[in-house]
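Student: Taking our numbering, the leading residue of the sequence shown gets 13, the next gets one more, and so forth.
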Amino acid sequence: MFSIGELSRRTGVKVPTIRYYEEMGLIAAAGRTSGNQRRYGRDELEQLGFIRHARDLGFPLGAISSLIELQRHPDRTCQEASDIAQAQLEDVRHKIARLRALETELGRIVDGCSGKGAPQDCYVLASLSDHDMCNIEHGADH
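1) Among Gln49, Gly47, Asn48, Arg54, which has the Cα closest to the Cα of Ile39?
2) Looking only at its chain, what residues have a beta carbon closer than 6 Å to the beta carbon of Arg21, apart from the 5 residues adjacent to it on each side?
3) Count the other CB atoms, across all protein chains shown, that sit within 10 Å of the CB of Ala109; report buried if there are 16 or more and exposed otherwise.
4) I need the boundaries of the alpha helix (DSSP H) containing Phe71, first residue and last residue.
5) Return helix, strand or coil for Gly17, following the three-state DSSP convention.
6) With distances taken from CA atoms, which of Ile16, Ser46, Asp87, Ala75 is nearest Asp95?
7) What residue range is occupied by the uninterrupted alpha helix (DSSP H) comprising Asp95?
8) What three-state label does DSSP hand Gly61 in the structure shown?
9) Could you spell out where the alpha helix (DSSP H) holding Ala42 opens and where it closes?
10) How would you label Ile148, buried or exposed, when you count the other beta carbons within 10 angstroms and need 16 or more for buried?
11) Taking 7 Å as the limit between beta carbons, can you name the residues of its chain near His154, skipping five residues before and five after?
12) Can you confirm whether the region 31–38 touches the region 55–66 when touching is taken to mean that 3 or more C-beta pairs between the two stretches lie within less than 8 Å?
13) Starting from Tyr135, follow the alpha helix (DSSP H) in both directions and report where the run begins and ends.
14) For Tyr135, collect the residues of the same chain with a Cβ closer than 6 Å to its Cβ; drop the 5 residues on either side in sequence, then sort them by chain order.
Listed below in structure tokens is the structure:
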């Protein structure tokens, strides 16, 4: 049996996050000692490792919850897991494409600045002040 602190040390997941995952039902509720301390078993340790790895790969908690639910039903196929992973891959590819476009735009802005003029003549500052000077759409909700 592991204390919540030991579980945290072994998995690299912070204690408040472990409690949150427990509240969400992503890991089983801990048993309690007579002193009311949480105690977790090997299953929770492995489940928390699974969650941590999925989070490191960018999976949202809803998708992780679905994957955990699938694990609990060995009679089902893994098509749902494949679909969830495919959606995550598409999301990552979209983010990469967006980052590449931002990289190109920032490079264009930096290349347009000599770095030698006065701030009022600075192309970087002017570009940041006037969105119309940008070649791409890059707002927070795009």
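By construction, the Cβ of each residue, glycine as well, lies at the ideal position given by its N, Cα and C atoms. Being a predicted model, the structure only gives us computed values, none of them experimental.
Tutor: In brief:
1) Closest in alpha carbon position to Ile39, among Gln49, Gly47, Asn48, Arg54, is Arg54.
2) Contacts found: none.
3) Within a 10 Å sphere around the beta-carbon of Ala109 sit fewer than 16 other beta-carbons, which makes this residue exposed.
4) For Phe71, no alpha helix (DSSP H) run applies, since DSSP gives it neither H nor E.
5) It is helical.
6) Considering only alpha carbons, the answer is Ala75.
7) First-last of the alpha helix (DSSP H) with Asp95: 91–123.
8) Of the three classes helix, strand and coil, the one that applies to Gly61 here is helix, per DSSP.
9) It is not in any alpha helix (DSSP H) - Ala42 carries neither H nor E in the DSSP assignment.
10) Burial call: exposed.
11) In this predicted model, His154 has a pLDDT of only 47, less than 50, meaning its place in the structure is not dependable; the value taken from the coordinates is given anyway. Excluding sequence positions up to five before and after His154, its CB lies less than 7 Å from no other CB in the same chain.
12) The region 31–38 and the region 55–66 touch, with three or more beta-carbon pairs separated by less than 8 Å.
13) Segment 135–141, the alpha helix (DSSP H) holding Tyr135.
14) These residues qualify, in order along the chain: Gly124, Cys125.
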